[in-house]
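K.L.:
Here the working numbering = 1-based position in the sequence shown + 14.
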Amino acid sequence: MDNTEQILKEYQSPINKYLKIVKKGNKKLLNTKYANYSYGTLVDVLEYGLDSIPLNNVSSVLLLGFGGGSIIESLRKKYDCHAPVVAVDIDPLIIDIARDEFDVKPNKLLEIHCMDAWDYIEKTNTQFDLIIVDIYIDMKVPKKFYKPQFWEMLSKNVTQNGFVLFNAGIDLFKY
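1. In angstroms with no decimal places, state the Cα-to-Cα distance between Leu179 and Ile146.
2. Helix, strand or coil for Tyr134, going by three-state DSSP, please let me know.
3. Starting from Ser27, follow its DSSP beta bridges and name the residues at the other end.
4. Flag this pair as yes or no: are the beta carbons of Leu123 and Ile67 separated by less than 8 Å?
5. Using DSSP with H/G/I as helix, E/B as strand and the rest coil, what is Ala112?
6. Output the distance between the C-alpha atoms of His127 and Val102, rounded to the nearest integer angstrom.
7. Which two residues bound the contiguous beta strand (DSSP E) that contains Ile146?
8. Could you compute how far the alpha carbon of Phe164 sits from the alpha carbon of Tyr32?
9. Within 10 angstroms of the Cβ of Ser169, are there 16 or more other Cβ atoms? Answer buried if so, exposed if not.
10. Which residues bound the alpha helix (DSSP H) around Leu168?
11. Confirm, please, whether the CB-CB distance from Gly79 to Phe116 is below 8 Å.
12. Considering only the alpha carbon of each residue, which of Asp148, Ile149, Asn175, Trp132 lies closest to Glu166?
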């Protein structure tokens, strides 16, 4: 398998700084300078978590951190989960890239909000069966999303038997 990376497009973002669309093998990926945001190893990490969740019982999904939208494709195709998804991302360029490069755009089952995930959680009263927290700026989750206040706010948005999947980005081999 060809693991060389060919840069197709490069972007400068005020939020995520450097973004690039690359071709690796036969896949098109969204990457930052140091991390994969969509359609690569990141999806594998999230799918590992999703494998433990009974998605046949999920009727609503909140995605905090949209990236290129690859986890939506996984939900639909791999897990046959066709629940409505509300996606939130702070970076308008990420949302544009998802639309233009990966054909992920709003439809009757996908609502996209361009705003800070903290602000969205603070303002919404909607409850979801599944909340996926996948918020990164390059390789780091902003510190505020580890704070108890965020998790207290988030708890009001998950249904009683719902699930929260948090891609914390912690290297467990360090501990």
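Each residue gets a CB set at the ideal place from its N, CA and C atoms; glycine is no exception.
P.N.:
From the atom records:
1. For the purposes of this step, residue 179 is identified with residue 165 of the sequence shown, where counting begins at 1. For the purposes of this step, residue 146 is identified with residue 132 of the sequence shown, where counting begins at 1. So the alpha carbons of these two residues sit roughly 5 Å apart.
2. Position 120 of the sequence shown, counted from the start, is the residue given in the question as residue 134. Three-state result, Tyr134: helix.
3. Working through the sequence shown from its first residue, we reach residue 27 at position 13. Beta-bridge partners of Ser27 (DSSP): Lys31.
4. In the sequence shown, counting from the first residue as 1, residue 123 sits at position 109. In the sequence shown, counting from the first residue as 1, residue 67 sits at position 53. No, Cβ-Cβ distance for Leu123 and Ile67 is not below 8 Å.
5. Taking the sequence shown and counting its residues from 1, one reaches residue 112 at position 98. Helix.
6. What you label residue 127 is simply residue 113 of the sequence shown in a count that begins at 1. What you label residue 102 is simply residue 88 of the sequence shown in a count that begins at 1. Looking at the two C-alpha atoms, the distance is approximately 5 Å.
7. By 1-based counting over the sequence shown, the position of residue 146 is 132. Boundaries of the beta strand (DSSP E) harbouring Ile146: 142-147, taken from the DSSP string.
8. Position 150 of the sequence shown, counted from the start, is the residue given in the question as residue 164. Position 18 of the sequence shown, counted from the start, is the residue given in the question as residue 32. Distance between the alpha carbons of Phe164 and Tyr32: 27 Å.
9. As a first step, residue 169 is located in the sequence shown; it is residue number 155 there, counting from the start. Looking at its Cβ environment, which holds fewer than 16 other Cβ atoms inside 10 Å, Ser169 is exposed.
10. Within the sequence shown, residue 168 is the residue found at index 154, counting from 1. From DSSP, the alpha helix (DSSP H) with Leu168 extends over 162-169.
11. Walking along the sequence shown from the start, residue 116 turns up at place 102. Walking along the sequence shown from the start, residue 79 turns up at place 65. Cβ atoms of Phe116 and Gly79: not closer than 8 Å.
12. Locating residue 166 in the sequence shown gives position 152, counting from the first residue. The shortest C-alpha separation from Glu166 is found at Trp132.
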